[in-house]
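Down below is the structure, laid out as structure tokens.
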Amino acid sequence: MRQTSHAALATTTLLHTFDATTKIIPNVRRSFQFNKCWCGDNVGYAINGPGDCAMPCSGNSDEICGGSYALSVYSNDPDYLGCWSDPHSAESRLFPILIDTSDDMTTAVSDRHMCAAG
Numbered sequence: 704m705r706q707t708s709h710a711a712l713a714t715t716t717l718l719h720t721f722d723a724t725t726k727i728i729p730n731v732r733r734s735f736q737f738n739k740c741w742c743g744d745n746v747g748y749a750i751n752g753p754g755d756c757a758m759p760c761s762g763n764s765d766e767i768c769g770g771s772y773a774l775s776v777y778s779n780d781p782d783y784l785g786c787w788s789d790p791h792s793a794e795s796r797l798f799p800i801l802i803d804t805s806d807d808m809t810t811a812v813s814d815r816h817m818c819a820a821g
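Throughout the sequence shown, residue numbering follows my numbering, covering 704 to 821 in sequence.
Pasting the structure below:
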């Protein structure tokens with residue numbers, strides 16, 4: 704799992720976490736769970752079924768960022784794709800790349816280059 708660390712981070716700053724040597728993931732999806740932002744190219748995210756997303760984002764309580772064993776999933780558009788169950792184990796996470804953890808997390812990420820694999 705790839706992880707970055709920043710003390711106070713709004714999701715808009717996640718857009719440029721990676722440098723030019725990284726490879727952009729095709730068909731990237733991103734997901735949120737309270738104070739975490741995950742990403743990956745798992746187009747089969749719906750296989751686990753709908754989840755119960757009612758947890759407010761740590762940086763904006765008016766936005767929903769997942770729930771218990773559930774992720775709010777977005778595409779690159781940034782269209783909201785729904786709330787989906789997450790197995791919640793390191794070996795079977797829907798989206799394996801933990802972009803960041805922040806007390807200022809919101810869903811305001813819209814740049815197509817937010818998630819990358821290096």
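Glycine is no exception: its CB is placed at the ideal position from the N, C-alpha and C atoms. Note that the structure is a prediction, hence the values are computed from the model and not measured.
In the DSSP assignment, what are the bridge partners of I800? Looking up residue 800 in the sequence shown gives position 97. For I800, the pairing in a beta bridge is given by DSSP as C742.
Have a look at D803, D789 and Y783 and flag the residue whose alpha-carbon is nearest the alpha-carbon of I767. Reading the sequence shown from its first residue, position 64 is the one you call residue 767. Y783 is the residue among D803, D789 and Y783 whose C-alpha sits nearest the C-alpha of I767.
Between P759, G770, D807 and C740, which has its C-alpha nearest P753's C-alpha? For the purposes of this step, residue 753 is taken as the residue at position 50 of the sequence shown. That would be G770, whose Cα lies nearest to the Cα of P753.
Indicate the three-state DSSP secondary structure (helix, strand or coil) for S761 in the structure shown. If you number the sequence shown from 1, residue 761 lands on position 58. Here S761 sits in coil by DSSP.
Take the Cβ of D789 as the centre, count every other Cβ of all protein chains shown within 10 Å, and call the residue buried at 16 or more, exposed below. Start at 1 with the first residue of the sequence shown, and residue 789 comes out as number 86. Buried is the call here.
So what's Y772 in DSSP terms, helix, strand or just coil? Along the sequence shown, read from residue 1 onward, the residue named residue 772 stands at position 69. Here Y772 sits in coil by DSSP.
Could you give the DSSP three-state label for P790: helix, strand or coil? Along the sequence shown, read from residue 1 onward, the residue named residue 790 stands at position 87. Coil, per DSSP.
Which residue wins for smallest C-alpha separation from S761, given the options Y772, Y777, Q736 and C742? By 1-based counting over the sequence shown, the position of residue 761 is 58. For the residues Y772, Y777, Q736 and C742, the minimum Cα distance to S761 belongs to Q736.
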